[in-house]
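Quick notes on the structure that follows.
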Amino acid sequence: MSLTDSIRTVKGIGPRKAALLEKMSIHTLWDAMECYPRDYEDRTRIVSAAAAKEGEKVSVCAVVGTQPLTKRIRKGMEITRFRVFDASGTLTITYYNNRYTAAGLCEGQEYLFYGRIQGQGTQRTMVNPVCEPILDDRQPPRRIVPVYPLSAGLTQKDMQRVTEAALAQGIQINDWMPDDIIARHALLPQAQSIWCIHRPQSMQEVERARKRIVFEELFLLSCGLARLKERRVDTVGYRFETGSPEDVWTLLPFEPTGAQQRAAQQIWQDVRSGKPMNRLVQGDVGCGKTVLAAVLCSLAARNGYQSAILAPTEILAAQHFESLAPLFARQGISCTLLLGSMRARDKQQRKMQIADGAVSVVIGTHALIQKDVTFHQLGAIVADEQHRFGVAQRAALFEKGNAPHMLVMSATPIPRTLALLLYGDLDVSVVDELPPGRTPVATYAVGQKMRPRIEAFIEKQLRAGGQVYVVCPLVEEGELALKSVEEHKVTLQRALPHRKIGILHGKMKAQDKEKIMDAFVSGELEILVATTVIEVGVNVPNATLMVIEDADRFGLSQLHQLRGRVGRGTRQSYCICFGADKGAQAKQRLEVLCKTNDGFEIAQADLAQRGPGDFFGKRQHGLPLLKMADLAHDLVWMQQARLEAEQLLRQDPTLTQHPALCERVDRLFETDNQEIFN
Ligand code: ADP
Ligand code: MG
2 MSLTDSIRTV
12 KGIGPRKAAL
22 LEKMSIHTLW
32 DAMECYPRDY
42 EDRTRIVSAA
52 AAKEGEKVSV
62 CAVVGTQPLT
72 KRIRKGMEIT
82 RFRVFDASGT
92 LTITYYNNRY
102 TAAGLCEGQE
112 YLFYGRIQGQ
122 GTQRTMVNPV
132 CEPILDDRQP
142 PRRIVPVYPL
152 SAGLTQKDMQ
162 RVTEAALAQG
172 IQINDWMPDD
182 IIARHALLPQ
192 AQSIWCIHRP
202 QSMQEVERAR
212 KRIVFEELFL
222 LSCGLARLKE
232 RRVDTVGYRF
242 ETGSPEDVWT
252 LLPFEPTGAQ
262 QRAAQQIWQD
272 VRSGKPMNRL
282 VQGDVGCGKT
292 VLAAVLCSLA
302 ARNGYQSAIL
312 APTEILAAQH
322 FESLAPLFAR
332 QGISCTLLLG
342 SMRARDKQQR
352 KMQIADGAVS
362 VVIGTHALIQ
372 KDVTFHQLGA
382 IVADEQHRFG
392 VAQRAALFEK
402 GNAPHMLVMS
412 ATPIPRTLAL
422 LLYGDLDVSV
432 VDELPPGRTP
442 VATYAVGQKM
452 RPRIEAFIEK
462 QLRAGGQVYV
472 VCPLVEEGEL
482 ALKSVEEHKV
492 TLQRALPHRK
502 IGILHGKMKA
512 QDKEKIMDAF
522 VSGELEILVA
532 TTVIEVGVNV
542 PNATLMVIED
552 ADRFGLSQLH
562 QLRGRVGRGT
572 RQSYCICFGA
582 DKGAQAKQRL
592 EVLCKTNDGF
602 EIAQADLAQR
612 GPGDFFGKRQ
622 HGLPLLKMAD
632 LAHDLVWMQQ
642 ARLEAEQLLR
652 QDPTLTQHPA
662 LCERVDRLFE
672 TDNQEIFN
């Protein structure tokens with residue numbers, strides 16, 4: 002056998018289990034070896050039978066002292082008990098619905114029992130422990146047991162089998178990590194790290210092995226991203242020699258902030274450089290990113306190129322169109338809107354204008370990505386709120402031009418360190434300044450008891466001439482515990498019978514959505530009860546209060562985004578989050594929001610609490626899947642790995658002197674990201 006052999010060759014793994022493993026992307030012994038445990042049961046903590054305390058998960062080495070006794074306590078529930086002892090005293094062992102484990106034990110024989118202790122005094126017992134016979138002092142049972150990720154139908158034993166088979170092959174890996182890096186960071190040799198991650202002798206070994214594997218993943222990733230950036234630098238891009246950001250600035254009713262000017266300068270420099278721009282503009286909600294899109298599109302148009310603005314929702318696309326079209330018109334630049342929900346004939350006509358170059362700027366949703374949309378000469382792309390787009394979608398638009406300039410705008414303030422890794426292939430502009438005259442949104446976390454007072458507060462805001470958003474988590478049926486938008490409107494209407502309330506959610510027809518939105522913008526509707534469809538971009542400066550129901554169900558960054566919908570005018574605005582009465586953790590989370598208005602700080606807290614998987618949605622960032630590294634907690638190693646990667650590539654840009662590493666780096670991106678950057 003070798004590591005490239007199929008797991009179907011492993012003894013004890015039948016075709017059914019093999020198929021299940023293959024669903025988890027474990028096809029070969031090599032894959033099995035790279036399937037790392039997600040946790041460990043540390044059975045090295047052996048305590049005496051008498052000392053084991055309630056709540057602890059521990060090992061006890063003890064002799065079976067009594068015959069197991071099984072009782073049926075009710076239908077479908079069987080309980081088996083027996084007592085074990087060691088020099089210190091005795092302990093009761095309890096199994097629920099599992100008489101067979103106990104039946105296999107011999108009275109008078111010593112075993113290692115590993116499990117959680119429940120109860121105190123006479124009730125004290127170890128529940129459902131795993132047990133292994135202690136056969137021989139020289140061969141203690143394995144004391145740290147890996148816990149592998151599983152899918153239904155597979156057991157830990159199966160994973161033990163396949164990893165055992167892989168490890169038995171000896172690990173003939175070409176350690177491609179340069180020796181000096183290994184030395185500088187005191188990393189374990191690769192083979193040893195793999196051995197220790199699967200079959201550790203101590204938790205310290207696990208830690209050291211983990212460090213090596215995490216470092217390796219992040220180092221590879223950094224090398225890969227740095228190389229992608231290199232490749233991009235080699236490509237020729239359009240030069241936008243004519244025009245300047247001033248063309249847009251002079252048309253605005255306000256002065257651009259310093260941060261906006263800096264970002265615009267960077268964009269301007271990029272598009273004159275002769276290389277395709279690939280820039281991320283990051284800035285908190287309301288910092289004014291839209292005008293930067295206008296700057297880019299206007300530069301493109303002045304130089305005879307088309308440009309496209311891709312927005313994640315129809316509402317946002319329509320809003321961009323409304324605010325930008327007049328701005329472009331005053332420069333003599335034509336602009337059109339393309340939405341999926343438009344009538345076929347309407348769309349057809351617009352597509353023709355796009356194809357023959359009759360319009361310069363195209364604003365739209367995913368409709369822009371469709372195959373039948375072709376551009377005459379696409380010179381620049383703006384992807385707004387990019388975390389909502391998959392990498393593939395961005396790529397699809399990219400391919401409609403010939404290395405167009407790319408501007409990605411995100412309001413999810415990704416912690417800087419993480420952005421560097423995620424967008425190692427992008428240049429980043431940070432717009433870290435809000436337009437003047439904004440007062441921070443005052444935020445309060447409240448419980449149900451406050452509801453009457455909040456309703457009175459809504460009334461007060463309306464009387465003062467403001468408008469109110471109320472956000473509910475979901476409209477799906479089935480999630481009955483959560484307030485649906487419709488239901489909530491009825492309740493609210495009962496409390497405020499004389500107020501005009503509208504509803505908005507993702508399942509409505511686009512036309513209806515537009516009508517409602519228009520009515521809210523014009524002030525005809527006073528309260529808008531909505532789902533998170535309003536999260537992105539919506540701009541109604543007159544709205545002064547946002548009430549978020551079941552706020553504990555949202556991520557912090559998302560709540561921050563939502564809150565950004567108010568506080569856009571000159572009046573003091575408020576955000577009320579229900580959910581503070583849903584336990585200490587919920588309360589604590591919501592309080593982060595009350596304390597700070599800094600999106601970056603909130604993002605960092607969010608990331609630490611939820612991990613990057615939830616933070617970005619499922620693989621939306623388009624990075625290769627990391628098997629071990631955790632972007633939320635391994636930031637320090639990430640920085641070190643990145644520095645090492647940069648240094649190495651400076652010395653050996655093509656990785657010719659590191660062929661094994663080069664091969665790994667190429668493999669990393671071959672399936673996922675190739676399409677985007679070539
Ligand atoms: P976001 O970064 O969230 O996309 P927008 O571009 O939607 O922010 O801008 C939010 C609001 O601030 C808009 O109404 C916009 O007209 C206004 N705005 C943008 N820049 C400035 C500025 N420099 N001074 C005053 N208002 C501005
Ligand atoms: Mg925006």
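In my numbering, the protein residues as written are 2 to 679. Cβ atoms here follow ideal geometry from the backbone N, Cα and C, with glycine treated the same way.
In its own chain, which residues sit with a C-beta less than 8 Å from the C-beta of residue i, not counting the 5 before and 5 after it?
{"i": "ALA260", "result": "GLY284, CYS288, VAL431, VAL432, ASP433 and GLU434"}
{"i": "GLY466", "result": "ASN543"}
{"i": "GLN12", "result": "Correcting the residue type first, residue 12 is Lys in the shown sequence and not Gln. ARG162 and ALA166."}
{"i": "ILE502", "result": "LYS490, LEU493, GLN494, LEU526, GLU527, ILE528, LEU529 and VAL530"}
{"i": "VAL534", "result": "THR314, ILE316, LEU505, HIS506, GLY507 and LYS514"}
{"i": "PRO436", "result": "PHE255, THR258, GLY287, CYS288 and GLY289"}
{"i": "ILE14", "result": "ILE8, LEU22, ASP159, ARG162 and VAL163"}
Can you determine whether any heavy atom of ligand 2 sits closer than 8 Å to the C-beta of residue i, and answer yes or no?
{"i": "GLU386", "result": "yes"}
{"i": "MET410", "result": "yes"}
{"i": "THR533", "result": "no"}
{"i": "THR291", "result": "yes"}
{"i": "VAL472", "result": "no"}
{"i": "VAL548", "result": "no"}
{"i": "VAL567", "result": "no"}
{"i": "VAL286", "result": "yes"}
Near residue i, which residues of its chain fall below 7 Å by C-beta distance, leaving aside the five closest residues on each side in sequence?
{"i": "GLU217", "result": "MET178"}
{"i": "THR236", "result": "LYS276, PRO277 and ALA404"}
{"i": "TYR115", "result": "GLU42, ARG44, SER60, PRO130 and VAL131"}
{"i": "ALA646", "result": "PHE220, SER223, CYS224 and ALA227"}
{"i": "VAL128", "result": "THR95, GLY116, ARG117 and GLN119"}
{"i": "ASP607", "result": "GLY556, LEU557, SER558 and PHE616"}
{"i": "HIS659", "result": "TRP177, PRO179 and ASP653"}
{"i": "GLU206", "result": "CYS197"}
Would you say the beta carbon of residue i comes nearer than 8 Å to a heavy atom of ligand 1?
{"i": "VAL432", "result": "yes"}
{"i": "THR258", "result": "yes"}
{"i": "MET598", "result": "Looking at the sequence provided, one finds Asn at residue 598 rather than Met. Checking every heavy atom of ligand 1 against the Cβ of ASN598, none is found closer than 8 Å."}
{"i": "SER324", "result": "yes"}
{"i": "GLN119", "result": "no"}
{"i": "PRO436", "result": "yes"}
{"i": "ASN540", "result": "yes"}
{"i": "GLN261", "result": "yes"}
{"i": "PHE458", "result": "no"}
{"i": "PHE255", "result": "yes"}
Can you list, in chain order, the residues of its chain whose CB lies under 6 Å from that of residue i, leaving out five sequence neighbours each side?
{"i": "LEU4", "result": "LEU30, TRP31 and GLN170"}
{"i": "THR375", "result": "ALA356"}
{"i": "LEU379", "result": "GLN307, LYS401, GLY402 and PRO405"}
{"i": "ILE691", "result": "Lying before the first or after the last residue shown, residue 691 is absent from the chain, which here runs from 2 to 679."}
{"i": "GLU57", "result": "ILE118"}
{"i": "ILE214", "result": "SER194 and MET629"}
{"i": "ARG73", "result": "GLU79"}
{"i": "ALA187", "result": "none"}
{"i": "CYS663", "result": "LEU656"}
{"i": "CYS336", "result": "ALA326, PHE329 and VAL362"}
I'd like to know if residue i contacts chain D, where contact means its C-beta is closer than 9 Å to some C-beta of that chain.
{"i": "ILE214", "result": "The structure shown contains no chain D; it is built from a single protein chain."}
With a threshold of 8 Å, establish whether the CB of residue i neighbours any heavy atom of ligand 4.
{"i": "PHE329", "result": "Ligands in the displayed structure: ligand 1 and ligand 2; ligand 4 is not one of them."}
When you compare the region 577-585 with the region 541-552, are there three or more beta-carbon pairs, one atom per stretch, that lie closer than 8 Å? Taking 8 Å as the limit for Cβ pairs, the verdict is that the region 541-552 does touch the region 577-585.
Flag this pair as touching only if the region 253-269 and the region 281-297 have three or more C-beta atom pairs under 8 Å; answer yes or no. Segments in contact, yes.
Three Cβ pairs or more, each shorter than 8 Å: is that satisfied between the region 100-109 and the region 71-88? Counting Cβ pairs under 8 Å, three or more are found: they touch.
Three-pair Cβ contact test at 8 Å for the region 654-669 versus the region 208-224: Inter-segment contact for the region 654-669 and the region 208-224 is present: three or more beta-carbon pairs are separated by less than 8 Å.
I want to know whether the region 444-461 touches the region 299-313 - three or more CB-CB distances under 8 Å. No: fewer than three Cβ pairs fall under 8 Å.
Uninterrupted alpha helix (DSSP H) stretches inside the region 227-267 (no shorter than 4 residues): Runs of the alpha helix (DSSP H) inside the region 227-267: 247-250.
Quick check: the region 147-162 against the region 83-95, are at least 3 beta-carbon pairs closer than 8 Å? No, the region 83-95 is not in contact with the region 147-162.
Is the region 311-326 in contact with the region 459-473, if contact means three or more CB pairs nearer than 8 Å? The region 311-326 vs the region 459-473: no contact.
Any beta strand (DSSP E) of 3 or more consecutive residues that is wholly inside the region 328-382: Runs of the beta strand (DSSP E) inside the region 328-382: 336-339 and 362-365.
Could you say if the region 504-515 and the region 309-323 meet the contact criterion of at least three C-beta pairs nearer than 8 Å? Yes: the two stretches touch, three or more of their Cβ pairs being nearer than 8 Å.
Could you name each continuous beta strand (DSSP E) segment of 3 residues or more that falls completely within the region 455-505, going from the start of the chain to the end? Segments of the beta strand (DSSP E) lying fully in the region 455-505: 468-472 and 502-505.
Residue ranges of each beta strand (DSSP E) run of no fewer than 3 residues wholly in the region 173-221, ordered along the chain? Here no run is fully enclosed.
Scan the region 571-609 and note each continuous alpha helix (DSSP H) run of 4 residues or more that stays entirely inside, going in chain order. Runs found: 585-596.
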